[in-house]
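A short worksheet on the structure shown next.
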Ligand SMILES: [Zn+2]
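Residue numbers (the numbering used here): 131 to 406.
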């Protein structure tokens, strides 16, 4: 079965016992195109593999992308908590200021009192405000401490986020470098492919490329593989009729597999090498 993979340009030189030699002049025959098409297919397979790998490369960043997103969300949450806590403190401080102003106003009014009763009345009110203010001051102190905690947590979350981002950037640089290498490889292969394609007859090339476009694996050629029960398409395993294999053997016209449409060729199985 490995003979399928063995590329040989001897296909053309090797005369099959039943090759018909009555081809029209000028019109290229399939058999003569096979080595060129196989060379082309070999390059196309390589290009296909590299393209596939190129597409896969950024996947390596998936987990670190997720990590960065998670750290960012965590940081956003912690930052919001710390801002909320600061706002709460500001609100309490405003409350406190308002009590302070009310107390001063009442103290002024108290000092203008016309009677002792009135004076005492103000004092009761002022004491209530002082009491109230004292409670708010306690709250502020407690809140200040939670602001401190929240700020610290936000800072830690920020460091974790930046560390994840740094890891991401580093991984991305690695991936970009690998992609650049693949692009270089692909450029070389595409140049070689252009040269290989120019060696193929235009009509055969058209057929080859049309089939190739319809395939997800970029494989347009299939070897006719001989097995105990006859010939099979090396790509889709469909049996090849006697009539079809005869056409393939003659090698004059292009013949497509009736199942997968790939161009069939006869894989020249080298005769068992005599032991030297
Ligand atoms: Zn097939």
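Beta carbons are placed, not taken as given, at the ideal position from N, Cα and C, and that holds for glycine.
A residue is called buried once 16 or more other Cβ atoms fall within 10 Å of its Cβ, and residue 332, having fewer, is exposed. Contact between residue 256 and residue 225 fails: their C-beta atoms lie close to 17 Å from each other, not under 8 Å. Per the C-alpha coordinates, the member of 285, 261 and 281 positioned closest to residue 201 is 285.
Checking the 7 Å criterion, the Cβ of residue 392 is within range of a heavy atom belonging to ligand 1. The beta carbons of residue 351 and residue 167 sit closer together than 8 Å. Annotation for residue 216: 277 place their beta carbon closer than 6 Å to its own, counting only its chain and skipping 5 residues before and after. DSSP places residue 307 in the uninterrupted alpha helix (DSSP H) bounded by 246-328. Taking 8 Å as the cut-off, the Cβ atoms of residue 396 and residue 386 do not count as close. Between the alpha carbons of residue 373 and residue 334 lies a gap of roughly 21 Å. Take residue 177, set aside five residues on each side of it, and the residues of its chain with a beta-carbon closer than 6 Å to its own are 319, in chain order.
CA-to-CA, the gap between residue 367 and residue 336 works out to about 25 Å.
With respect to the 8 Å criterion, residue 222 and residue 273 are classified as neighbours on the basis of their beta carbons. The beta carbon of residue 235 lies closer than 8 Å to none in the same chain, with the five residues before and after it left out. For residue 238, the uninterrupted alpha helix (DSSP H) segment begins and ends at 192-241. Three or more pairs of CB atoms, one per stretch, sit closer than 8 Å, so the region 298-313 contacts the region 181-193. Partner residues in the beta bridge of residue 395, as assigned by DSSP, are 353.
In chain order, 166, 169, 170 and 173 place their CB closer than 8 Å to the CB of residue 326, counting only its own chain and leaving out the 5 sequence neighbours on each side. Annotation: residue 371 is outside any alpha helix (DSSP H) and is labelled neither H nor E by DSSP. Nearest neighbour of residue 212 by Cα position, chosen from 292, 329 and 283, turns out to be 283.
Secondary-structure assignment with DSSP links residue 362 through a beta bridge to 355 and 369.
The continuous stretches of alpha helix (DSSP H) do not include residue 347, and DSSP gives it neither H nor E.
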